[in-house]
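Novice:
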Amino acid sequence: MLIGVTPQSRSTEGLFRTRIWGLLEPYVRALESQGASIVILPPQASDRLPALLHKLDGVLLPGGVDVDPAHFGEEPIPEMGEVSLERDAIELFVARYTAQHGIPTLGVCRGVQVMNVALGGSLYQDLPAQGFRSVQHYQKAEPPVLGHSVEQTGQSPLNKLFEPRFRVNSYHHQALKDLAPGLRPVATAPDGIVEAVALEGHPFYLGVQWHPELLPEQWGIFRALVEAAAGQPVG
Numbered sequence: 025m026l027i028g029v030t031p032q033s034r035s036t037e038g039l040f041r042t043r044i045w046g047l048l049e050p051y052v053r054a055l056e057s058q059g060a061s062i063v064i065l066p067p068q069a070s071d072r073l074p075a076l077l078h079k080l081d082g083v084l085l086p087g088g089v090d091v092d093p094a095h096f097g098e099e100p101i102p103e104m105g106e107v108s109l110e111r112d113a114i115e116l117f118v119a120r121y122t123a124q125h126g127i128p129t130l131g132v133c134r135g136v137q138v139m140n141v142a143l144g145g146s147l148y149q150d151l152p153a154q155g156f157r158s159v160q161h162y163q164k165a166e167p168p169v170l171g172h173s174v175e176q177t178g179q180s181p182l183n184k185l186f187e188p189r190f191r192v193n194s195y196h197h198q199a200l201k202d203l204a205p206g207l208r209p210v211a212t213a214p215d216g217i218v219e220a221v222a223l224e225g226h227p228f229y230l231g232v233q234w235h236p237e238l239l240p241e242q243w244g245i246f247r248a249l250v251e252a253a254a255g256q257p258v259g
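Just so you know, we're using the working numbering here: the sequence shown kicks off at 25 and counts up by one.
1. What three-state label does DSSP hand V250 in the structure shown?
2. Assign A163 to one of three DSSP states: helix, strand, or coil.
3. Less than 7 Å between the C-beta atoms of P66 and V132, yes or no?
4. For H235, which three-state DSSP category applies?
5. Quick one: measure Cβ to Cβ for V174 and A211, integer angstroms, because I've assumed they're closer than 8 Å.
6. Could you have a look at L200 and say whether DSSP puts it in helix, strand or coil?
7. Assuming Q154 and H172 form a contact by the criterion Cβ under 8 Å, report the distance between their Cβ atoms to the nearest whole angstrom.
8. Using C-beta distances below 6 Å, list every residue in its chain close to S33, excluding the 5 sequence neighbours before and after it, in chain order.
9. DSSP state of T36, grouped into three classes?
10. Comparing C-alpha positions only, which one of A199, V89, E98 and A123 sits nearest to E110?
11. Who are the near neighbours of S262 in its chain, counting only those whose CB is closer than 6 Å to its CB and skipping five residues on each side?
12. If the criterion is Cβ atoms closer than 7 Å, does the pair V221 and G206 meet it?
13. What is the DSSP secondary structure of I127, reduced to helix, strand or coil?
14. V169: buried (16+ other C-beta within 10 angstroms of its C-beta) or exposed?
15. I need the straight-line Cα distance from F190 to L47, nearest angstrom please.
16. Judging by CA-CA distance, which residue of Q124, E187, P167 and P152 is the nearest neighbour of M139?
17. Label R134 either buried or exposed according to how many other C-beta atoms from any shown protein chain fall within 10 Å of its C-beta, with 16 as the threshold for buried.
18. Kindly list the residues whose CB is nearer than 6 Å to the CB of I245, restricted to its own chain and excluding five residues on each side of it in sequence; keep chain order.
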């Protein structure tokens, strides 16, 4: 199956100072372990993007920097982090397009936030600053340590992969606030923060707030994307 992944950028140093667009290895390993072939989507939105998306079997929106709050009508608060206007532009377009055209899509961390904003929802810009301090959403421990539990709250592909209550890692300070029309919560943290969503009426439009790519025992989430891309029933 051919899975398109949106890239992230970093600046290089030295004589040839420039930016590199690419993918983090854990996403590549997780997808390839499930038999997927990967296409890096172009970092700039263009008129050619819809034609490319229709050649794909599925899409992954990976983690990364914050989403600019201008996209959901808010001013930035002091605790907001780095943003990428280029990445916002392409990923918001991709998230809307795959939602509208039934293309199987998985969002991870920033990816689920992009899904929500693209379809009309909003975000908490910084959980501690906005009153959420009882759960460690940005854990200090590195993988494979798990940060907190989540509880499944609805039907989704996660039902076949996890117990009703299970533990996840957690490396985010933004989170879903107002859910977009059509998105429903399918897992929540102990403090009520939405940890996973699915889109009503879509064959596979799943977003999770944690990082399953860092946990090989949770790579079933990527298998579910590949199965949906192959037209197999999931969830």
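Each residue gets a CB set at the ideal place from its N, CA and C atoms; glycine is no exception.
None of the values given here were measured: they were computed from a predicted structure.
Specialist: The relevant details are as follows:
1. helix
2. Per the sequence shown, the amino acid found at residue 163 is Gln instead of Ala. DSSP places Q163 in coil when its eight states are reduced to three.
3. no
4. coil
5. 5 Å
6. strand
7. Contact doesn't hold; Cβ gap of about 18 Å is too wide.
8. R43 and W45
9. coil
10. V89
11. The requested residue 262 is not part of the displayed model; the chain covers only 25 to 259.
12. no
13. coil
14. exposed
15. 28 Å
16. Q124
17. buried
18. P236
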